[in-house]
Structures are given as structure tokens and as C-alpha cells.
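K.L.:
There are 2 protein chains.
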Amino acid sequence: MTMPADTGASVTMTLDEVRALARTVLRRQGLNARHAEAVAETMVAGERDGCASHGLYRLLVSAHTIASGNVVPDAEPVATDTAPALVRVDAKGGYAQLAFELGKPLLVEKARRCGIAALALNNCVHFAALWPEVEALCDEGLVALAFTPSHAWVAPAGGTRPVFGTNPIAFGWPRPGREPFVFDLATSAVARGEIELHRRAGRAIPEGWGIDPEGRPTTDAAEALAGAMLTFGGHKGSALAAMVELIAGPLIGDMTSRESLAADNGAKASPLGGELLIAIDPAGFLGAGAEEHIRRAEAMFDEITSQGARLPSQRRYEARRRSVAEGVRIPRVLLDDIERLRK
Amino acid sequence: MTMPADTGASVTMTLDEVRALARTVLRRQGLNARHAEAVAETMVAGERDGCASHGLYRLLVSAHTIASGNVVPDAEPVATDTAPALVRVDAKGGYAQLAFELGKPLLVEKARRCGIAALALNNCVHFAALWPEVEALCDEGLVALAFTPSHAWVAPAGGTRPVFGTNPIAFGWPRPGREPFVFDLATSAVARGEIELHRRAGRAIPEGWGIDPEGRPTTDAAEALAGAMLTFGGHKGSALAAMVELIAGPLIGDMTSRESLAADNGAKASPLGGELLIAIDPAGFLGAGAEEHIRRAEAMFDEITSQGARLPSQRRYEARRRSVAEGVRIPRVLLDDIERLRK
Numbered sequence: 000m001t002m003p004a005d006t007g008a009s010v011t012m013t014l015d016e017v018r019a020l021a022r023t024v025l026r027r028q029g030l031n032a033r034h035a036e037a038v039a040e041t042m043v044a045g046e047r048d049g050c051a052s053h054g055l056y057r058l059l060v061s062a063h064t065i066a067s068g069n070v071v072p073d074a075e076p077v078a079t080d081t082a083p084a085l086v087r088v089d090a091k092g093g094y095a096q097l098a099f100e101l102g103k104p105l106l107v108e109k110a111r112r113c114g115i116a117a118l119a120l121n122n123c124v125h126f127a128a129l130w131p132e133v134e135a136l137c138d139e140g141l142v143a144l145a146f147t148p149s150h151a152w153v154a155p156a157g158g159t160r161p162v163f164g165t166n167p168i169a170f171g172w173p174r175p176g177r178e179p180f181v182f183d184l185a186t187s188a189v190a191r192g193e194i195e196l197h198r199r200a201g202r203a204i205p206e207g208w209g210i211d212p213e214g215r216p217t218t219d220a221a222e223a224l225a226g227a228m229l230t231f232g233g234h235k236g237s238a239l240a241a242m243v244e245l246i247a248g249p250l251i252g253d254m255t256s257r258e259s260l261a262a263d264n265g266a267k268a269s270p271l272g273g274e275l276l277i278a279i280d281p282a283g284f285l286g287a288g289a290e291e292h293i294r295r296a297e298a299m300f301d302e303i304t305s306q307g308a309r310l311p312s313q314r315r316y317e318a319r320r321r322s323v324a325e326g327v328r329i330p331r332v333l334l335d336d337i338e339r340l341r342k
Numbered sequence: 000m001t002m003p004a005d006t007g008a009s010v011t012m013t014l015d016e017v018r019a020l021a022r023t024v025l026r027r028q029g030l031n032a033r034h035a036e037a038v039a040e041t042m043v044a045g046e047r048d049g050c051a052s053h054g055l056y057r058l059l060v061s062a063h064t065i066a067s068g069n070v071v072p073d074a075e076p077v078a079t080d081t082a083p084a085l086v087r088v089d090a091k092g093g094y095a096q097l098a099f100e101l102g103k104p105l106l107v108e109k110a111r112r113c114g115i116a117a118l119a120l121n122n123c124v125h126f127a128a129l130w131p132e133v134e135a136l137c138d139e140g141l142v143a144l145a146f147t148p149s150h151a152w153v154a155p156a157g158g159t160r161p162v163f164g165t166n167p168i169a170f171g172w173p174r175p176g177r178e179p180f181v182f183d184l185a186t187s188a189v190a191r192g193e194i195e196l197h198r199r200a201g202r203a204i205p206e207g208w209g210i211d212p213e214g215r216p217t218t219d220a221a222e223a224l225a226g227a228m229l230t231f232g233g234h235k236g237s238a239l240a241a242m243v244e245l246i247a248g249p250l251i252g253d254m255t256s257r258e259s260l261a262a263d264n265g266a267k268a269s270p271l272g273g274e275l276l277i278a279i280d281p282a283g284f285l286g287a288g289a290e291e292h293i294r295r296a297e298a299m300f301d302e303i304t305s306q307g308a309r310l311p312s313q314r315r316y317e318a319r320r321r322s323v324a325e326g327v328r329i330p331r332v333l334l335d336d337i338e339r340l341r342k
């Protein structure tokens, strides 16, 4: 593969070039072809939508996780039909993407038949955002929710020690003729990487992000990383984080964030565990009348944007349109780091 | 009915006395017997659990709503089976409680058969919290979620005008041999009543609760009531509030909070609209293995409480134990206000 032209501090690549690079590197890291293709797509989506932290940067993360032996590089996911509106996919220790690819059509079919359905992904390694998955379900005309625990880094409100992961909640709502309404929010106050960036830069973190190992509020990034992160929104965010633990952990027979961190055993690899997706067919409640009601949702979106507020996914979609037209700019230093991995 | 003995500023009543008083007053306000009984139970639950704002105080609210003609006092809810895992109950303009009573066994049956199921309540008048409903589903061994819009009082993050209601999200998780893990959180920063209390007391509200009619941050309670409330947790709470609008509004063919406020037409009656409940059977994913996994959830609860943090429902359950043993104390002035309504 030819590397794209250097333009100084960053390199402009087409999305096809991003895809090819991601696949090639993931194959060299040891993933089999199907896993490499599935995981590469989430990196393409990340770069395309301006989420660099979920783009090619993740090749550095996967390099470490695969080398640590914490992911099965050729796992064959297996689907089980456990109830009329439920399906489980055992990822067999591989990355979640391939498990989702296997489970998605089964979930879609069940949601259309039953009106609502749920998909549990088990025993998978996570490192992607949840929005590509809810967006894929919106593309099928479904309303979608997704939840996953991670590693126990986050203390409950009023507590002193980590119990929860960053525990994202993602939601998607299909919109006729345009990108869906999608959000994907960590129930932690910020991403862990954000605190790490402050630590590297020697900058203080704002109050409300973390507590030190003794459970005291801190603005020292290193102390917060050694202690615990906090949830967003105080006790409300903490309640939501607990919900994510429960419904994407024990409810689907998978690990809590504490169990995932214990299983990691200091390897600092990507979180291992489960994910729960729920899909609802608007036609299930409303039949042919669904269209009229979906239009009322559009009136609500108009009311939000007409007062200058953004919809949660607006920035990503703006980046997407730019990326498709103009390609994406990848930092030279990142490409150099990735290049080094290939040797 | 004999009124309980006066003990000064408050009166101690048994829960049976609370129930009898609520039923009697609701009947006099015009509800038929079945509605009065169903609505009275939520007031009993409110007083029992130390949530005075959802207790007998609500008799003053129902008096106004019923007198305004905004609730059908003898509505007969009708259930429709719209899909294998969905059920809709049209409340026909009555209070939500009776509609939920009709829909609950149908939802439970579908959740057990399909693994996951959803119940939409339509065309109902709301004034109760959602926790009694998720708790009732937990009593059936199910995991439950509930959502409802209200009146448009809350601005989206970055906006200047009300779009959302206080839009609560409630969640319940059954715990073997004890009260379920339950939360019921408004996606607004605080309850509207809290701002109203500040206004009456002439006290400033904290920053982050509201904006004035021009969309500027304010600490003046009256200005915030005239302008808009804010969501909890900034743009994340705002995203969740939008989700509640969508899935408990257009998805189930019912009103958004803006539509509900418009329909109210200045009557200041209780919000009218829909509610979505989702129930998941732990045995659906895990079969007989569910018990073992439910135990791992208990380990997580222990880890939270052992570090001095509270579970969301802890205070309510403590109040409940006291109330069952000792009765509840009702302010004399509230009983006087209720007494006046009976004349």
C-alpha cells in the first residue's frame, strides 16, 4: 500500500485509505481477516465523524491488547436464540464488532416480529464507541439503545472507591431522509483519556472529575487516575451508571466493571465483558400510523435547532460530510507510531 | 371516618387511614371508585416512603386538575395487543394508575414469554412518580424501565426556550428477599416544585437550575419559572431528556411535552400524555442460571454501600419501615387544606 502524501504535520487520507491501513495493520497485529475488516470499519467511522480518539489511534490500543493475549484474534462468535424477543451472541473472547455483525440481523428480525427485542453480546473485548451500532439499527428503521460496562474506574456518588466503568448509554432514533438522532454518552464526568491528557500536560483537572485514593476531591490528574473518576450529574449519573452495570452485566450473564478490571489483572488491555442492545420497531406500536408520529419528532428537533441548540450528533454529521468530500487529516506523528508497530 | 388525634403541628396516621382519606376525598372530587382506589394507592406509597410531595398533598393537585375538566373521572382504559412483545393501553383521558393496573399483567406475561416486552400507556393524566410502577414490575421478578414526558418547562442544553418536560427515567432491579434497587430521576436539574418553593420563600436558586425568558442564566426563581428550567448534567441530561420525549411521545403515538402544555391551554392541570414501560425477564437470557448472576449484582451493591455510598432507594425504604411500624406524620395545615376541599 502506498502511503499518502505528506503535507507537514498531518496527512490527508481518503476513507478508503484509512480502511486499507486499518485492515492491514490489524491483520499484522494478528486478527484474522473477518475481525480485521469488522474492527477497521469502526475506525473508519471514527475518523470519518471527527472522533479521532476512536479512529486510527485505536491501532495503538489494539496492538497492546492483542499483544497482551487479552483478545482471541480468530474467535468465531456463536448466536443463541434464548427467547422469542432475545438473542445472545457469545463473542468467544474476540472483539465485539464481529459479534454485533452476527447478531444484528437476528435482532432486527426479532424487533420487527415482536415489536421490541434485545441482543446481548457476551465475552467480547470492547474499544469502540456505541454510536456505530445504534446508528446501524437506525438504518434499519429501528429505535435503538445500547449499554456496556467497562473497567471499574468510577466511584459511586458519595463513595470513595471505583465500582463503575465509564458505562456509556447510546440511543438512536431514525429520521426520514437524513442521519438519525444519536447520542452516546459516558456516565462518567469525562472520558478517562481526558484526565490522562491533563496529566501528561501537567494541567489541573476541574473539580467534579475525580477523587484521590483517600476519596477526597482532587484537581490533580494523577491523583484522580490513582483514585477514582466521578460520574456526570452527581447521584443521577451514578444511578444511571449502576443501571448500565446491571443490565449489561449480570442481566446478560456477563462481567461487571470490577470483574472486568480484575480479569485484566494489570495488563491494561481493553475492557472485556458484555453489551446490551435494545431495538424497538416504531411500526410495532403504531402500524402504518408511525410515519405521522415520526413527523412530530421532527417538529421537536426543529424547535431545538431553531433556538440555536445543537442536536447531540450534529457535529459528527458535519464532520462526516466534510470527510466524505475531502478526506480526513491524520497527524503525521500518529502515522509514524502506527508505522513503527508494523516493524 | 373519624379524623386521627391532633398532636399539634402534625397528625400521626396509619397507612390505612391515609388510604381511606385519599379514597374518600378523590371520590368527592369526582373520580369513580376504581380510579379513586388506584390513585389513592400511589398517595399511600408516597406518604409511606417519605415522599410527601407524592402523598396526600396531591389531593390538592387532583382537586384542581379534576375541577379544570382535564381528566376523565370515570375513564375505562382499553388494552390493545399490537405485537407479540408490545401492548398499548389507552387510558381514555383518565389517570394513568388504572391504565397501568390493566396493562401490568399483560406486560408481565409478554415479558416472561418473549424475554423483553414494552407497555405503552396513552392518553393518560400523570401526577405520580414512576417508582411505584417499576417497583411493581420488580415484584414480579422483572427488570423494569419507565419513561414519561410532562409539560414543556425545560430548555435543551445551549437553548433558550422550553422544549422538554421534567422527563423522568425510572429503573428497577429485583433483589432476592429484599426491596428492589430502584431509581426515579427527573432529567431536569431539580423538580419544578423546588423552584416554586424558592420563589415563595423569596430565596435565590443556585446557578444551573434555570434561565430567564431571554435565555440568560438566572438565580431568580420567578424568572426561571417564567423562562425555562435546565436539565441535570448539561448536554448529557439534555440528550436523555430528548430520548424520553421521543420514546414516550411519538414512538407510542402520544404527545411531546410541548404538545401536552399546548393542550393544557393555561389550565395548569397535570400533564397529559403517554408513558413507556419496558420489562425484561432475567430468566430470558440466562434461564435457570439467572440466580447465580443476580448474586453478582448483590456483590456490586455491597461494594457501594460498604464504602458509605447510598443506593438510590435506600432512604425511601428506611422511611417505609418506619411508616409501617409507626404510621406517618401529616402536617395539620395540609389536612386542613384537604378538609376545606371536602366542603
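For the record, the sequence lines run as chains A and B. The letter at position 115 of the first sequence is residue 114 when you use numbering that gives the first Met the number 0, and the numbering goes up by one with no holes. The letter at position 19 of the second sequence is residue 18 when you use numbering that gives the first Met the number 0, and the numbering goes up by one with no holes. No residue lacks a Cβ here, since even glycine has one placed at the ideal position from N, Cα and C.
(1) Please go through the same chain and pick out, in chain order, the residues whose beta-carbon is closer than 6 Å to the beta-carbon of B/ALA145, but skip the five residues on each side of it.
(2) Whose C-alpha, out of A/ASP253, A/ARG22, A/GLU291 and A/ALA203, is nearest the C-alpha of B/GLY288?
(3) Indicate whether at least one CB of chain A lies closer than 8 Å to the CB of B/ALA19.
(4) To the nearest angstrom, how far is it from the Cα of A/MET0 to the Cα of A/THR23?
(5) Check whether the Cβ of A/VAL189 lies closer than 8 Å to any Cβ atom in chain B.
(6) Any Cβ of chain B within less than 8 Å of the Cβ of A/CYS113?
(7) Looking at the unbroken alpha helix (DSSP H) that takes in A/VAL107, where does it start and where does it end?
(8) Would you kindly report the start and end of the unbroken alpha helix (DSSP H) that includes B/ALA221?
(9) Provide the residue(s) that pair with A/GLU330 in DSSP beta bridges, ordered along the chain.
(10) Report the start-end ranges of each beta strand (DSSP E) in the segment 9 to 69 of chain B that is 3 residues or longer and not cut off at the edges.
(11) If you count every other CB in all the chains shown that lies within 10 Å of the CB of A/ASP344, and 16 or more means buried, which is it?
(12) Assuming A/LYS91 contacts A/ALA135 (C-beta within less than 8 Å), just tell me the rounded distance between them.
(13) Tell me which residues share the same chain as A/ALA268 and place their Cβ nearer than 6 Å to its Cβ, disregarding the 5 neighbours each side in the sequence.
(14) DSSP beta-bridge partners for B/GLU132?
(15) Looking at the C-beta of B/TRP130, does it have a partner C-beta in chain A at a distance below 8 Å?
(16) For a test of the three-state rule: what should DSSP assign to A/MET254, helix, strand or coil?
(17) Pick helix, strand or coil for B/ALA296, following the three-state DSSP scheme.
(18) Counting contacts by CB-CB distance shorter than 8 Å, is B/THR1 in contact with chain A?
(19) Is A/SER312 helix, strand or coil when you go by DSSP?
(20) So, with DSSP's three-state summary, where would you put A/ILE246?
(21) Rounded to a whole number of angstroms, what is the C-alpha to C-alpha distance between A/GLY45 and B/GLY283?
(22) With distance defined between alpha-carbon atoms, name the residue in A/ALA35, A/THR81 and A/VAL142 nearest to A/GLY93.
(23) Are three or more beta carbon pairs between the segment 157 to 165 of chain A and the segment 183 to 195 of chain A nearer than 8 Å?
(24) Would you mind giving the Cβ-Cβ distance between B/ALA227 and B/PRO161, rounded to the nearest angstrom? I have them listed as a contact below 8 Å.
(25) B/ARG26 to B/ASP335, Cα distance in whole Å?
(26) Identify the residues that DSSP records as bridge partners of A/GLU325: which are they?
(27) Is it true that the segment 187 to 202 of chain A meets the segment 256 to 264 of chain A, where meeting means three or more beta-carbon pairs spaced less than 8 Å apart?
(28) Could you tell me the distance, in whole angstroms, from the CA atom of B/ARG321 to the CA atom of B/GLN313?
(29) Does B/ALA156 come within less than 8 Å of chain A when only Cβ atoms are used?
(30) Taking C-beta pairs closer than 7 Å, name the residues in chain B that A/LYS235 reaches, listed in chain order.
(31) Would you identify the three-state DSSP class for B/LEU239, choosing helix, strand or coil?
(32) Looking at the unbroken beta strand (DSSP E) that takes in B/ARG215, where does it start and where does it end?
(33) Taking B/THR41 as the reference, which of B/TRP152, B/LEU30 and B/LEU55 has the closest Cα?
(34) Provide the residue span of the beta strand (DSSP E) that contains B/GLU178, from first to last.
(35) Kindly say whether A/GLY252, judged by its beta-carbon, lies nearer than 8 Å to any beta-carbon of chain B.
(36) For A/GLU290, which residues in the same chain have their Cβ closer than 8 Å to its Cβ, ignoring the five residues on either side in sequence?
P.N.:
Taking the coordinates as given:
(1) Taking the second sequence and counting its residues from 1, the one referred to as residue 145 of chain B is at position 146. Excluding residues within five positions, the ones whose Cβ falls inside 6 Å are LEU129, GLU132, VAL133, ALA169 and LEU276.
(2) In the second sequence, counting from the first residue as 1, residue 288 of chain B sits at position 289. Comparing Cα positions, the closest option is A/ASP253.
(3) To locate residue 19 of chain B, count along the second sequence from 1; it is residue 20. Judged by the 8 Å Cβ criterion, B/ALA19 is not in contact with chain A.
(4) On the first sequence, position 1 is the one that residue 0 of chain A refers to. On the first sequence, position 24 is the one that residue 23 of chain A refers to. Annotation note: pLDDT 43 at A/MET0 (below 50); position unreliable, coordinate value reported separately. Cα-Cα distance, rounded: 9 Å.
(5) The sequence position of residue 189 of chain A within the first sequence is 190, counting from 1. Closer than 8 Å: no.
(6) Residue numbering aside, residue 113 of chain A sits at position 114 when the first sequence is read from its first letter. Yes, contact with chain B.
(7) Position 108 of the first sequence, counting from 1, holds the residue named residue 107 of chain A. Where A/VAL107 is concerned, the enclosing alpha helix (DSSP H) stretches over 95 to 113.
(8) The residue you call residue 221 of chain B lines up with position 222 of the second sequence. 220 to 225 is the span of the alpha helix (DSSP H), which, as asked, contains B/ALA221.
(9) Residue numbering aside, residue 330 of chain A sits at position 331 when the first sequence is read from its first letter. The amino acid occupying residue 330 of chain A in the given sequence is Pro; Glu does not appear at that position. Note: A/PRO330 sits in a beta bridge opposite A/SER9.
(10) 9 to 12
(11) With chain A covering 0 to 342 only, the question about residue 344 of chain A has no answer from this structure.
(12) What you label residue 91 of chain A is simply residue 92 of the first sequence in a count that begins at 1. What you label residue 135 of chain A is simply residue 136 of the first sequence in a count that begins at 1. Not quite, the Cβ-Cβ distance comes to about 21 Å (not below 8 Å), so this is no contact.
(13) Here residue 268 of chain A refers to the residue found at position 269 when the first sequence is read from its first residue. Excluding residues within five positions, the ones whose Cβ falls inside 6 Å are THR64, SER67 and ASN69.
(14) Here the question's residue 132 of chain B lines up with position 133 in the second sequence. In the DSSP output, where bridge partners are listed per residue, B/GLU132 has none listed.
(15) By 1-based counting over the second sequence, the position of residue 130 of chain B is 131. No, because no Cβ of chain A sits closer than 8 Å to the Cβ of B/TRP130.
(16) Translated into the one-based positions of the first sequence, residue 254 of chain A becomes position 255. Reduced to three states, the DSSP call for A/MET254 is coil.
(17) What you label residue 296 of chain B is simply residue 297 of the second sequence in a count that begins at 1. Helix at B/ALA296.
(18) By 1-based counting over the second sequence, the position of residue 1 of chain B is 2. Residue confidence for B/THR1 is low, a pLDDT of 45 falling below 50, so the modelled location carries little weight and cannot support an answer.
(19) Locating residue 312 of chain A in the first sequence gives position 313, where the first residue counts as 1. Coil.
(20) Start at 1 with the first residue of the first sequence, and residue 246 of chain A comes out as number 247. Three-state result, A/ILE246: helix.
(21) Translated into positions along the first sequence, residue 45 of chain A becomes position 46. Translated into positions along the second sequence, residue 283 of chain B becomes position 284. Rounded to the nearest angstrom, the two C-alpha atoms are 34 Å apart.
(22) Position 94 of the first sequence, counting from 1, holds the residue named residue 93 of chain A. Cα-wise, what sits closest to A/GLY93 is A/ALA35.
(23) yes
(24) Residue numbering aside, residue 227 of chain B sits at position 228 when the second sequence is read from its first letter. Residue numbering aside, residue 161 of chain B sits at position 162 when the second sequence is read from its first letter. Their Cβ separation, rounded to whole angstroms, is 4 Å, which keeps B/ALA227 and B/PRO161 in contact under 8 Å.
(25) For the purposes of this step, residue 26 of chain B is taken as the residue at position 27 of the second sequence. For the purposes of this step, residue 335 of chain B is taken as the residue at position 336 of the second sequence. Computed Cα separation, rounded: 18 Å.
(26) The residue given as residue 325 of chain A occupies position 326 in the first sequence. Note: A/GLU325 sits in no beta bridge, so no partner.
(27) no
(28) Position 322 of the second sequence, counting from 1, holds the residue named residue 321 of chain B. Position 314 of the second sequence, counting from 1, holds the residue named residue 313 of chain B. Their Cα atoms are separated by approximately 13 Å.
(29) Walking along the second sequence from the start, residue 156 of chain B turns up at place 157. Cβ-Cβ to chain A under 8 Å: yes for B/ALA156.
(30) As a working note, residue 235 of chain A is residue 236 in the first sequence. Residues of chain B passing the Cβ test: LEU184, PHE231 and GLY232.
(31) Within the second sequence, residue 239 of chain B is the residue found at index 240, counting from 1. Looking at B/LEU239 - three-state DSSP - the assignment turns out to be helix.
(32) As a working note, residue 215 of chain B is residue 216 in the second sequence. Unbroken run through B/ARG215: none, as it is neither H nor E.
(33) As a working mapping, residue 41 of chain B is identified with position 42 in the second sequence. Nearest of B/TRP152, B/LEU30 and B/LEU55 to B/THR41, Cα basis: B/LEU55.
(34) Numbered from its first residue, the second sequence carries residue 178 of chain B at position 179. Looking at the DSSP string, the run of the beta strand (DSSP E) that includes B/GLU178 is 177 to 184.
(35) Here residue 252 of chain A refers to the residue found at position 253 when the first sequence is read from its first residue. True, the Cβ-Cβ gap to chain B drops below 8 Å.
(36) By 1-based counting over the first sequence, the position of residue 290 of chain A is 291. Around A/GLU290: PRO175.
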